[in-house]
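Numbering (our numbering), first residue to last: 1 to 264. Glycine residues also receive a C-beta, built at the ideal position from the N, C-alpha and C atoms. Here's the structure we're looking at; comments come further down.
Below you can see the structure in the form of structure tokens.
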């Protein structure tokens, strides 16, 4: 990264994000994401995920600032009276930021119609029942059946970065960064009732087979990309794609994940 980085500012559609975008561009200038040294995402976690999906292939580090509802993946936005980043200058914050390298999950879903749909997930891939009836799903790990039938509302595979989100709400474990594991977590499991999921090596190939897709249809969602009426879903950690998020040193992502485990 150059001494004075070229920044591509990207903002969500909230009023606060649009105001901040205008002020930051006026102060620091603007360039296209492909030409930038760093991307600056203004919004919440949802917008950060959108940014990673849209621009992750560029390999640019992303410094996010919270101007949305949820900001676990974002830094604090510091605003002065004139609406621009104040206190510690944005350029200094970026220069001092600590990187967190994330590796997404790759989902390949097959549908009842025979279509094959692929997508990436930086938080989780989740399967959910589409009707009032519980889903029936078999689980294979690296080609070996580990659970013949899970009767449930759904099931998910979550990354470390995503383990504090939907996974944690479903009583899944919070995972430390760098542990090279993913969480396999059931959602409202009915049978086996006491099964709480599993921790898997990050390189494990997880396959979900929907056992009665016509009577008990299931959807698959990779972050916010939903595929309806799936019959077979394979998930593995990406071997090729990584993204780098930048965090203020005093509140980096590893510290946030650790602190989340002591919230009472």
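Less than 8 Å between the beta carbons of residue 352 and residue 183, yes or no? Since the first residue of the chain shown is 1 and the last is 264, residue 352 is not available in this structure.
Residue nearest to residue 74 in terms of C-alpha spacing, selected from 142, 257, 169: Ranking 142, 257, 169 by Cα distance to residue 74 puts 257 first.
Tell me, please, which residues DSSP counts as bridged to residue 118. For residue 118, which the question treats as bridged, DSSP gives the partners 108.
With distances taken from CA atoms, which of 63, 67, 25 is nearest residue 92? Comparing Cα-Cα distances from residue 92 to each of 63, 67, 25, the minimum goes to 63.
How big is the Cα-Cα spacing for residue 108 and residue 224? In this structure, the CA atom of residue 108 is about 15 Å from the CA atom of residue 224.
Nonlocal neighbours in the same chain, by C-beta distance under 7 Å from residue 34, ignoring five residues either side: Excluding the 5 residues flanking it on each side, residue 34 has same chain C-beta neighbours closer than 7 Å at 58, in chain order.
Considering only the alpha carbon of each residue, which of 259, 171, 7 lies closest to residue 31? Considering only alpha carbons, the answer is 7.
7 Å CB neighbourhood of residue 173 in its chain, flanking five on each side removed: Counting only Cβ-Cβ distances below 7 Å, and skipping sequence neighbours, we find 163, 183, 199.
Apart from the five residues on each side of it in sequence, which residues of its chain come closer than 7 Å, Cβ to Cβ, to residue 188? Apart from the 5 residues on each side of it in sequence, residue 188 sits with its Cβ closer than 7 Å to the Cβ of 152, 153 in its chain, given in chain order.
When you compare the stretch 95-109 with the stretch 118-133, are there three or more beta-carbon pairs, one atom per stretch, that lie closer than 8 Å? At 8 Å Cβ cutoff, the stretches touch.
Does DSSP classify residue 140 as helix, strand or coil? In the three-state reduction of the DSSP assignment, residue 140 falls in the strand class.
Where the beta strand (DSSP E) through residue 11 begins and ends: Per DSSP, the continuous beta strand (DSSP E) segment holding residue 11 begins and ends at 7-11.
Other residues of its chain near residue 207: CB distance less than 6 Å, five sequence neighbours each side excluded: Counting only Cβ-Cβ distances below 6 Å, and skipping sequence neighbours, we find 140, 234.
Reduced DSSP category for residue 33 - H, G, I as helix; E, B as strand; rest coil: Helix, per DSSP.
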